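Visitor: There's a structure below that I have some questions on.
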Amino acid sequence: MQRLPYLKESPSQTAGPYVHIGCTPNFCGINGVYDEDPGARMVDERTQGARITLSGVVYDGMDAPMKDVMVEIWQADAAGIYPGNDPRGNADPHFTGWGRKAGDYATGEWVFETIKPGRVPFKDGRMMAPHITLWIVARGINTGLHTRIYFPDEDAVNAEDPVLMRLEHKSRIPTLIAEKTGPGAYRFDVRLHGERETIFFDI
Amino acid sequence: MSDGSFFQRDRGRHPPAYSAGYKSSILRSPTRAPISMDNTLSEMTGPVFGHHQLGPLDSDLILNFAKPGEMPVGQRIIVHGRVLDGNGRGVPDALLEVWQANAGGRYRHARETYLAALDPNFGGCGRVMTGEDGSYAIRTIKPGAYPWPNGPNDWRPAHIHFSVFGSGFAQRLITQMYFEGDPMIALCPIVRTIPTQEAIDSLTALYDPQATVPMDARAYRFDIVLRGRRSTLFENRMEGN
């Protein structure tokens, strides 16, 4: 019998408790190696779109905040184009689309200063609701977890979002929708384990 | 389908979220199945980094934290290899970020409590981007094993953490590299979250005498495989494919 030529993906291992050393060295006091931690700034003064502050805490199965978590977000610009390698064209040059933050040592909270993303088409051309991809790693997480952050002030388009529409357990959809806490301020808390567990995606 | 989407992740080769032997995973593991979703542009695109964003010493952990004229203690090594995709092609411009303990097994981190000494000349962080063929190399000190609070007497094998970006966010991966011949590998509860010996072996770097620099630094070879993209023979390949 012949063998298919494909290679197998390297298996994941936990990021562990010292992920900051490699990913956010300035945050953990290793200064002078990198000028700035990667992903620390997503916008500048010329970035187009509505500025938002997105914060949250990741909780474990005992509702304890995870103080050693690291999260990354990936999102489209205000026009719905992804920076970098979107085949549809160039995004706002003043927007990186990618952010990375460590949870606060005392509270576990992470905060991104970004913009509200535009809508992006699903595979069949239907438009998805504005959303931000969130990726979570930490000690105890063996393979990074992907989820999505949707917006609470987009009820009409959330209702026709192709990803949300196909979820069987509609009662879990609120776990994917941020809470509005003020003008331009959103909060997205994540629960990893248990009754109110956030939806994670196998992408 | 020739849409630039990624090959599905083989969950049977990755560690399950819940691994009783790795105690931290117990309350940090989702209990419900992840929801399968076709890749959309949100997963097929990803951040692009430039070689210009890296400093000249970023890939040299021997020098990037050391005081002028000094060096860290420990065995000098080179870790090199290629980042490949599931189709066997080199992944160009992939960003690799690494972190590790020093030669004594001590991390430079506020939460680290191991009694082994810090090395004033070793930070333990570095990064590199792959070349056109997916190749990369870093220079560092071989990390030490260290104890950790899991079982009453658990020790991590010597390892280097790797964070990897491909061309799409669905490829995002964090893993660890182990060293050939280390008896601690088979005993480690974190290694043992990986379901198969073959997959464990794929994270174990081999001593590479051909890349060793005589009288200077031994070399270890470590290849990393990211998910491949779908495409057909009949259409132009998507950029970054």
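Those sequence lines, one after another, are chains C and E.
Start counting at 1 in the first sequence, then tack on 188, and there's your number in the working numbering.
Start counting at 1 in the second sequence, then tack on 100, and there's your number in the working numbering.
Cβ atoms here follow ideal geometry from the backbone N, Cα and C, with glycine treated the same way.
Quick caveat, the model's predicted, so the values are computed rather than measured.
I'd like to know if Arg128 (chain E) contacts chain C, where contact means its C-beta is closer than 8 Å to some C-beta of that chain.
Guide: Yes - at least one Cβ of chain C is within 8 Å of the one on Arg128 (chain E).
Visitor: If you pair each beta-carbon of the stretch 303-321 of chain C with each one of the stretch 122-136 of chain E, do three or more pairs fall below 8 Å?
Guide: As far as the Cβ criterion goes, the stretch 303-321 of chain C does not touch the stretch 122-136 of chain E, which means the pair count is below three.
Visitor: Could you round the C-beta distance between Ile387 (chain C) and Thr335 (chain C) to whole angstroms and report it? I think they count as a contact, below 8 Å.
Guide: Going by Cβ atoms, the distance from Ile387 (chain C) to Thr335 (chain C) rounds to 6 Å, so yes, they are a contact pair.
Visitor: If you follow the beta strand (DSSP E) that Asp219 (chain E) is in, where does it begin and where does it stop?
Guide: Premise fails: Asp219 (chain E) is in no beta strand (DSSP E) and is neither H nor E.
Visitor: So is Asn187 (chain E) in contact with chain C if we call contact Cβ pairs under 8 Å?
Guide: At least one chain C Cβ lies under 8 Å of Asn187 (chain E).
Visitor: According to DSSP, which residues form a beta bridge with Tyr194 (chain C)?
Guide: For Tyr194 (chain C), which the question treats as bridged, DSSP gives no partner whatsoever.
Visitor: Could you spell out the range, first to last residue, of the beta strand (DSSP E) harbouring Asn231 (chain C)?
Guide: The question names Asn, yet the displayed sequence has Val at residue 231 (chain C). Careful: Val231 (chain C) lies outside any beta strand (DSSP E) and carries neither H nor E.
Visitor: Considering Ser142 (chain E), what are the terminal residues of the alpha helix (DSSP H) in which it resides?
Guide: Unbroken alpha helix (DSSP H) run through Ser142 (chain E): Leu141 to Met144.
Visitor: Mapping the DSSP letters down to three states, classify Asp301 (chain E) as helix, strand or coil.
Guide: Three-state result, Asp301 (chain E): helix.
Visitor: Would you say His180 (chain E) and Gly204 (chain C) are within 8 Å of each other, going by their C-beta atoms?
Guide: Contact flag unset, no.
Visitor: In chain order, which beta strand (DSSP E) runs of at least 3 residues are fully inside the stretch 260-317 of chain C?
Guide: Counting only runs of 3 or more, we get 286-290 and 298-303.
Visitor: Check the Cβ of Val148 (chain E) against every Cβ in chain C and list those closer than 7 Å, keeping chain order.
Guide: Under the 7 Å cutoff, chain C gives Gly272 and Asn273.
Visitor: For the beta strand (DSSP E) holding Asp254 (chain E), just list the boundary residues, first then last.
Guide: Where Asp254 (chain E) is concerned, the enclosing beta strand (DSSP E) stretches over Asp254 to Arg256.
Visitor: Kindly provide the ranges of any beta strand (DSSP E) runs that are 3 or more residues long and lie completely inside the stretch 127-204 of chain E, ordered along the chain.
Guide: The qualifying runs are 176-185 and 195-199.
Visitor: Measuring only between beta-carbons, confirm whether Glu335 (chain E) sits less than 8 Å from chain C.
Guide: A caution first: Glu335 (chain E) carries a pLDDT of 47, below 50, which makes its placement in the model unreliable, though a value can still be read off. No, its Cβ sits nowhere closer than 8 Å to a Cβ of chain C.
Visitor: Would Pro199 (chain C) pass as a contact of Ile241 (chain E) if the rule is Cβ separation under 8 Å?
Guide: Not in contact: Pro199 (chain C) and Ile241 (chain E) (Cβ atoms no closer than 8 Å).
Visitor: At what residues does the beta strand (DSSP E) containing Val345 (chain C) begin and finish?
Guide: No beta strand (DSSP E) holds Val345 (chain C); the alpha helix (DSSP H) holding it covers Asp343 to Ala347.
Visitor: Classify Glu197 (chain C) as buried or exposed, calling it buried when 16 or more other Cβ atoms lie within 10 Å of its own Cβ.
Guide: Buried: at least 16 other Cβ atoms inside 10 Å.
Visitor: Counting only beta-carbon separations shorter than 8 Å, does Met347 (chain E) have a partner in chain C?
Guide: Because chain E in this structure spans residues 101 to 341, residue 347 (chain E) falls outside the shown range and cannot be described.
Visitor: Tell me whether the beta-carbon of Gly205 (chain E) lies closer than 8 Å to the beta-carbon of Pro243 (chain E).
Guide: The answer is yes: Cβ separation under 8 Å.
Visitor: So, Val211 (chain C) versus His209 (chain E), is the Cβ gap smaller than 8 Å?
Guide: For clarity, residue 211 (chain C) is Cys in the given sequence; the question names Val instead. Result no, Cβ atoms of Cys211 (chain C) and His209 (chain E) do not sit closer than 8 Å.
Visitor: Taking only beta-carbon positions, decide if Thr275 (chain E) is within less than 8 Å of chain C.
Guide: So, interface residue.
Visitor: Quick one: is Leu355 (chain C) near chain E, going by C-beta distance under 8 Å?
Guide: Yes, because at least one Cβ of chain E sits closer than 8 Å to the Cβ of Leu355 (chain C).
Visitor: For Pro309 (chain E), list the residues DSSP reports as bridge partners.
Guide: Looking at the DSSP assignment, Pro309 (chain E) forms no beta bridge with any residue, so it has no partner.
Visitor: Kindly list the residues whose CB is nearer than 6 Å to the CB of Ala290 (chain C), restricted to its own chain and excluding five residues on each side of it in sequence; keep chain order.
Guide: Contacts found: His208, Thr212, Phe215 and Met258.
Visitor: Classify Val246 (chain C) as helix, strand or coil using the three-state DSSP reduction.
Guide: In this structure, Val246 (chain C) counts as strand in the three-state DSSP scheme.
Visitor: DSSP on Met353 (chain C), reduced to helix/strand/coil?
Guide: Met353 (chain C): helix per DSSP, three-state reduction.
Visitor: How long is the line joining the alpha carbons of Thr140 (chain E) and Glu385 (chain C), rounded to whole angstroms?
Guide: Roughly 24 Å between the two C-alpha positions.
Visitor: For His357 (chain C), is the classification buried or exposed, using 16 other Cβ atoms within 10 angstroms of its Cβ as the cut-off for buried?
Guide: It is exposed - the Cβ of His357 (chain C) has fewer than 16 other Cβ atoms within 10 Å.
Visitor: Using the Cα positions of Met171 (chain E) and Ala217 (chain E), report the straight-line distance between them to the nearest angstrom.
Guide: Looking at the two C-alpha atoms, the distance is approximately 15 Å.
Visitor: Do the stretch 265-277 of chain E and the stretch 184-198 of chain E make contact, defined as three or more Cβ pairs closer than 8 Å?
Guide: Yes: at least three Cβ pairs fall under 8 Å.
Visitor: Would you list the one or two residues that DSSP bridges to Pro247 (chain E)?
Guide: Pro247 (chain E) is bridged to E:Trp255.
Visitor: For His151 (chain E), count neighbouring C-beta atoms within 10 Å of its own C-beta (all shown protein chains included) and say buried if the count is 16 or more, exposed if not.
Guide: It is exposed - the Cβ of His151 (chain E) has fewer than 16 other Cβ atoms within 10 Å.
Visitor: Helix, strand or coil for Lys255 (chain C)? Go by DSSP, reduced to three states.
Guide: Coil, per DSSP.
Visitor: Report yes or no: do the stretch 285-303 of chain E and the stretch 159-177 of chain E share at least 3 C-beta pairs separated by less than 8 Å?
Guide: Too few Cβ pairs lie closer than 8 Å, so no.
Visitor: Using the three-state DSSP reduction, which class does Ala366 (chain C) fall into: helix, strand or coil?
Guide: The answer is coil: DSSP assigns Ala366 (chain C) none of H, G, I, E or B.
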